[in-house]
Structure formats: C-alpha cells, structure tokens
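In my numbering, the protein residues as written are -3 to 141. All C-beta atoms in this analysis are idealised placements derived from N, C-alpha and C, irrespective of residue type, glycine included. Just so we're clear, the structure is a prediction, and the values are computed from it rather than from any experiment. Notes follow the structure.
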C-alpha cells in the first residue's frame, strides 16, 4: 500500500473522481511509493506576476521518478464548441473544462523550475525524472478489462 499524504482525504474534497483514484492508488501502488494529493504551488515571476496552481496527485517513486497526475471526473470528451474539452456529470449536465493535458504539462514544467531553483533541491535537479499523465476515472474504455 502506498504512503498517502494526507492519510485520508478531508470531507471537503468534493471530487468523486479524485476520491476514487485516491483509494485505488493507495491500494495498488507499493509501499515505497509516496502519493501526495492536492499539492498547491506558487511560482514568483520577477517583475511580472505570481503563478499558482494545483497538482491533483504527485506520485513519487525513488526508482522511477515523479509523476504529475491531473484528474478529471465525469464523462470526458473533446468538444471544440466548449473550448476544446467537456465533462458530463452524473446529472447529465455538460460543461467546459480546462485542457487536462495542458494542465499536467504546465504543472510539470513549473515543478521542474521550482526544483531547479530551490537551494535545497538544486544540487539534485539533474537526477529528477518528471513525467505527466491524465486520469479519467469515470470513463470506461471499450475492450479494456
């Protein structure tokens, strides 16, 4: 069982997709993997503005590296009329969502810059292997068991 941070999700986490994934990651990943939920980040850009965001799941494996995982709930589809991506919730309501792949890539690049620039992590920056992925826990793929 993975080491989860926090150990249990707080009641205020409203995303059922994140709740499902939290449970599955805890059960299926090995003991030496750490999973951090809802990691907030802030990057200061001199003479411009501050960038902030959130990583849904940050999965750390000493041997394999760090995975930035963006989670989208509902039935996900590509819909150009909704700005590129859409989600249909359990009540049948469809709404536009941010591009999950762009979110994951953006968080990965930000985390890389933060690790490269922080005094505590800078000496090890070349050792960090960062990857990104997207999860749609409510979507069933045909032919996948």
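### Message
Any contact between the segment 50 to 57 and the segment 108 to 121? By contact I mean 3 or more CB pairs, one from each, below 8 angstroms.
### Response
no
### Query
From 94, 57, 125, pick the residue whose C-alpha is nearest to that of residue -1; which is it?
57
### Query
The beta strand (DSSP E) with residue 129 in it runs from where to where?
126 to 131
### Query
Can you pull the DSSP bridge partners for residue 39?
47
### Message
Can you determine whether any heavy atom of the ligand MG sits closer than 7 angstroms to the C-beta of residue 76, and answer yes or no?
### Response
The ligand MG is not part of this structure, which contains no ligands at all.
### Task
Answer yes or no: do residue 61 and residue 85 have a C-beta to C-beta separation smaller than 8 angstroms?
no
### 3-residue-minimum beta strand (DSSP E) runs that sit fully inside the segment 62 to 131, ordered along the chain
71 to 75, 80 to 84, 90 to 92, 126 to 131
### Task
Give the range of the beta strand (DSSP E) segment to which residue -1 is assigned.
-1 to 1
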